[in-house]
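Visitor: Residue numbers (the working numbering), protein chains in the order written: chain A, 27 to 170; chain B, 27 to 170.
Number of protein chains: 2
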Amino acid sequence: MIAGSEHKRASKKNKGSRLKRTPQRLAILQFLDGNTSHPSAEDIYRAVSKQYQSMSFATVYNTLHALTKAGVLRELTIDPERRRYDPDTSCHHHLICINCGRIVDVSGGVTVDLPSDMARDFTILGNHVEFYGRCPACQKQKNA
Amino acid sequence: MIAGSEHKRASKKNKGSRLKRTPQRLAILQFLDGNTSHPSAEDIYRAVSKQYQSMSFATVYNTLHALTKAGVLRELTIDPERRRYDPDTSCHHHLICINCGRIVDVSGGVTVDLPSDMARDFTILGNHVEFYGRCPACQKQKNA
DNA sequence: ATAAATGCAAAGCATTTGCAGTAAA
DNA sequence: TTTACTGCAAATGCTTTGCATTTAT
Numbered sequence: 027m028i029a030g031s032e033h034k035r036a037s038k039k040n041k042g043s044r045l046k047r048t049p050q051r052l053a054i055l056q057f058l059d060g061n062t063s064h065p066s067a068e069d070i071y072r073a074v075s076k077q078y079q080s081m082s083f084a085t086v087y088n089t090l091h092a093l094t095k096a097g098v099l100r101e102l103t104i105d106p107e108r109r110r111y112d113p114d115t116s117c118h119h120h121l122i123c124i125n126c127g128r129i130v131d132v133s134g135g136v137t138v139d140l141p142s143d144m145a146r147d148f149t150i151l152g153n154h155v156e157f158y159g160r161c162p163a164c165q166k167q168k169n170a
Numbered sequence: 027m028i029a030g031s032e033h034k035r036a037s038k039k040n041k042g043s044r045l046k047r048t049p050q051r052l053a054i055l056q057f058l059d060g061n062t063s064h065p066s067a068e069d070i071y072r073a074v075s076k077q078y079q080s081m082s083f084a085t086v087y088n089t090l091h092a093l094t095k096a097g098v099l100r101e102l103t104i105d106p107e108r109r110r111y112d113p114d115t116s117c118h119h120h121l122i123c124i125n126c127g128r129i130v131d132v133s134g135g136v137t138v139d140l141p142s143d144m145a146r147d148f149t150i151l152g153n154h155v156e157f158y159g160r161c162p163a164c165q166k167q168k169n170a
């Protein structure tokens, strides 16, 4: 991660923005690696500060932006209160529990069809589906 | 709108919350009626204040929350910067221009399939698809 | 009457920004 | 050495809240 062995360029047009491998970023990346909880900036800050006393919010945001721009992270707009980050940048969708707010990945099996004549002259480049429902834990609850 | 002729109750369980038909709310509803621009609270505030000098932001938000809870409005989480409101509460999806940010409705023709065994034990109650692409106007642009 | 809504100002959060110091490359 | 990053504090911007007053019912 962060401009791997093939130094420079995270993807396409990098106008002089080669990322530096700072210990803070590595700590954030390590926390995010394989993480499927869709953490917010604060979640990340709290988790990483434990081992990285001096970590600041500005650094967390800075890193999140840099990694998102580099295509290593995906910024989710699912939660209206805050942005959440997903280290899985492959095409996938999400299940959101309307009771507890938990967000779970749906990595395959989803098919979306939008007839070309329905696109209102848009050139469609991608899509994202949010499924609303109740997670197993919340289904077992009496009320709510 | 707002507890029509069949007085009281906007839908199900209304614990003593019958909405009042204030001129401010009617002005907001009138602005929203048939509006497909997915306006934000500020867009609404600006538009309605022209004719309603004394309108305040608190009232706009208050009304938006009340109408959303009453099921008359739908709050969109598409835009990470701010919440947007949609007077169309029927099941539909959205096209978002990645260049200019314009949001357009897709009211039919979309089919989404999530095999039951992929739902990870969730009880699915609904879904919303965001299509990303370029709107006609932006396709005609050279750069960007 | 009375329960709810308005409007103002202050408060609350998430996120951004400016900048001087620090550290990758 | 050069360019980017860190960390702090201040600033922004959207949304919420408290409260006294007004208003729909």
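Every residue gets a Cβ at the ideal spot worked out from N, C-alpha and C, and that includes glycine.
Who are the near neighbours of Y158(A) in its chain, counting only those whose CB is closer than 6 Å to its CB and skipping five residues on each side?
Guide: As a position in the first sequence, residue 158(A) is number 132, starting the count at 1. Answer for Y158(A): I122 and I124, listed in chain order.
Visitor: Tell me I70(B)'s beta-bridge partners as DSSP assigns them.
Guide: Taking the first residue of the second sequence as position 1, residue 70(B) is located at position 44. Looking at the DSSP assignment, I70(B) forms no beta bridge with any residue, so it has no partner.
Visitor: Counting only the same chain and skipping the five closest in sequence on each side, list residues whose C-beta sits under 8 Å from that of Q167(B).
Guide: As a working note, residue 167(B) is residue 141 in the second sequence. Cβ within range, chain order: N125.
Visitor: So what does DSSP say about Y111(B), is it helix, strand or coil?
Guide: Translated into positions along the second sequence, residue 111(B) becomes position 85. The answer is strand: DSSP assigns Y111(B) an E or B state.
Visitor: Tell me which same chain residues have a C-beta within less than 8 Å of the C-beta of S37(A), skipping the five on either side of it?
Guide: Locating residue 37(A) in the first sequence gives position 11, where the first residue counts as 1. Model confidence at S37(A) stands at a pLDDT of 37, short of 50, so the residue's coordinates are unreliable; what they give is reported in the following sentence. Within the same chain, S37(A) has close Cβ partners A96 and G97.
Visitor: Relative to the alpha-carbon of G135(B), which residue among V130(A), R146(A) and V136(A) has its alpha-carbon at the smallest distance?
Guide: For this step, residue 135(B) is matched to residue 109 along the second sequence. Of V130(A), R146(A) and V136(A), the residue nearest in Cα terms is R146(A).
Visitor: Can you tell me whether D143(A) is buried or exposed, with buried defined as 16 or more other CB within 10 angstroms of its CB?
Guide: Along the first sequence, one-based indexing puts residue 143(A) at 117. The residue in question, D143(A), is exposed, as its Cβ has fewer than 16 Cβ neighbours within 10 Å.
Visitor: Closer than 8 Å by beta-carbon distance: list the chain A residues that pair up with H154(B), in chain order.
Guide: Within the second sequence, residue 154(B) is the residue found at index 128, counting from 1. Result: V155, E156 and Y158.
Visitor: Once DSSP output is grouped into helix, strand and coil, what is the label at R47(A)?
Guide: Along the first sequence, read from residue 1 onward, the residue named residue 47(A) stands at position 21. Residue state, collapsed to three classes: coil.
Visitor: I need the straight-line Cα distance from D139(B) to D139(A), nearest angstrom please.
Guide: Locating residue 139(B) in the second sequence gives position 113, counting from the first residue. Locating residue 139(A) in the first sequence gives position 113, counting from the first residue. C-alpha separation (whole angstroms): 9 Å.
Visitor: Give a yes or no on whether the minimum CB-CB distance between C161(B) and chain A is below 8 Å.
Guide: For the purposes of this step, residue 161(B) is taken as residue 135 along the second sequence, with counting starting at 1. Answer yes: the Cβ-Cβ gap between C161(B) and chain A drops below 8 Å somewhere.
Visitor: Can you give me the C-alpha to C-alpha distance between G152(B) and I104(B), rounded to a whole angstrom?
Guide: In the second sequence, counting from the first residue as 1, residue 152(B) sits at position 126. In the second sequence, counting from the first residue as 1, residue 104(B) sits at position 78. Near 16 Å, if we compare the C-alpha coordinates of I104(B) and G152(B).
Visitor: Buried or exposed: where does K41(A) fall if 16 or more other Cβ atoms within 10 Å of its Cβ makes it buried?
Guide: Looking up residue 41(A) in the first sequence gives position 15. For K41(A), the predicted structure reports a pLDDT of 43, less than 50, and the residue's modelled location is therefore unreliable. A value from the coordinates is still provided. Under this definition K41(A) is an exposed residue.
Visitor: Classify T89(A) as buried or exposed, calling it buried when 16 or more other Cβ atoms lie within 10 Å of its own Cβ.
Guide: As a working mapping, residue 89(A) is identified with position 63 in the first sequence. Looking at its Cβ environment, which holds 16 or more other Cβ atoms inside 10 Å, T89(A) is buried.
Visitor: Compute the beta-carbon to beta-carbon distance between A53(A) and Q77(A), rounded to the nearest angstrom, for a pair I have assumed lies under 8 Å.
Guide: For the purposes of this step, residue 53(A) is taken as the residue at position 27 of the first sequence. For the purposes of this step, residue 77(A) is taken as the residue at position 51 of the first sequence. Right, the Cβ-Cβ distance comes to about 6 Å (below 8 Å), so this counts as a contact.
Visitor: Can you tell me whether H91(B) is buried or exposed? The criterion is at least 16 other CB atoms within 10 Å of its CB, across all chains shown.
Guide: Position 65 of the second sequence, counting from 1, holds the residue named residue 91(B). It counts as exposed.
Visitor: Assuming I129(B) contacts H120(B) under a Cβ cut-off of 8 Å, what Cβ separation, rounded to an integer in Å, is found between them?
Guide: What you label residue 129(B) is simply residue 103 of the second sequence in a count that begins at 1. What you label residue 120(B) is simply residue 94 of the second sequence in a count that begins at 1. Confirmed, about 5 Å.
Visitor: Counting only C-beta atoms, is K166(A) closer than 8 Å to chain B at any point?
Guide: Residue mapping note: residue 166(A) aligns to position 140 of the first sequence, counting from 1. No, no contact with chain B.
Visitor: So what's D143(A) in DSSP terms, helix, strand or just coil?
Guide: As a first step, residue 143(A) is located in the first sequence; it is residue number 117 there, counting from the start. D143(A): helix per DSSP, three-state reduction.
Visitor: Just to make sure I have the definition right: I need the residues of chain B whose C-beta is within less than 7 Å of the C-beta of I104(A). Which are they?
Guide: The residue you call residue 104(A) lines up with position 78 of the first sequence. Chain B residues near I104(A): T103.
Visitor: Assuming the contact rule is C-beta atoms closer than 8 Å, E101(A) and R109(A) should be a hit. Round their C-beta distance to whole Å, please.
Guide: For the purposes of this step, residue 101(A) is identified with residue 75 of the first sequence, where counting begins at 1. For the purposes of this step, residue 109(A) is identified with residue 83 of the first sequence, where counting begins at 1. Right, the Cβ-Cβ distance comes to about 6 Å (below 8 Å), so this counts as a contact.
Visitor: Taking the continuous beta strand (DSSP E) assigned at H120(A), which residues delimit it?
Guide: In the first sequence, counting from the first residue as 1, residue 120(A) sits at position 94. H119 to C123 is the extent of the beta strand (DSSP E) around H120(A).
Visitor: Considering just the uninterrupted stretch of the alpha helix (DSSP H) at Y87(B), what are its terminal residues?
Guide: Position 61 of the second sequence, counted from the start, is the residue given in the question as residue 87(B). Note, Y87(B): alpha helix (DSSP H), F83 to K95.
Visitor: Tell me which same chain residues have a C-beta within less than 8 Å of the C-beta of S116(B), skipping the five on either side of it?
Guide: Stepping through the second sequence from its first residue, residue 116(B) is reached at position 90. Hits under 8 Å: S133.
Visitor: On the three-state DSSP scale, how would you describe F148(B)?
Guide: Within the second sequence, the letter at position 122 stands for residue 148(B). F148(B): coil per DSSP, three-state reduction.
Visitor: In the DSSP output, what is G159(A) paired with across the bridge?
Guide: Within the first sequence, the letter at position 133 stands for residue 159(A). Beta-bridge pairing links G159(A) to C123(A) and I150(B).
Visitor: For I150(A), collect the residues of the same chain with a Cβ closer than 8 Å to its Cβ; drop the 5 residues on either side in sequence, then sort them by chain order.
Guide: The residue given as residue 150(A) occupies position 124 in the first sequence. Closer than 8 Å at the Cβ level, and outside the excluded window around I150(A), lie L140.
Visitor: List the residues that DSSP assigns as beta-bridge partners of I129(B).
Guide: As a first step, residue 129(B) is located in the second sequence; it is residue number 103 there, counting from the start. I129(B) is bridged to I122(B).
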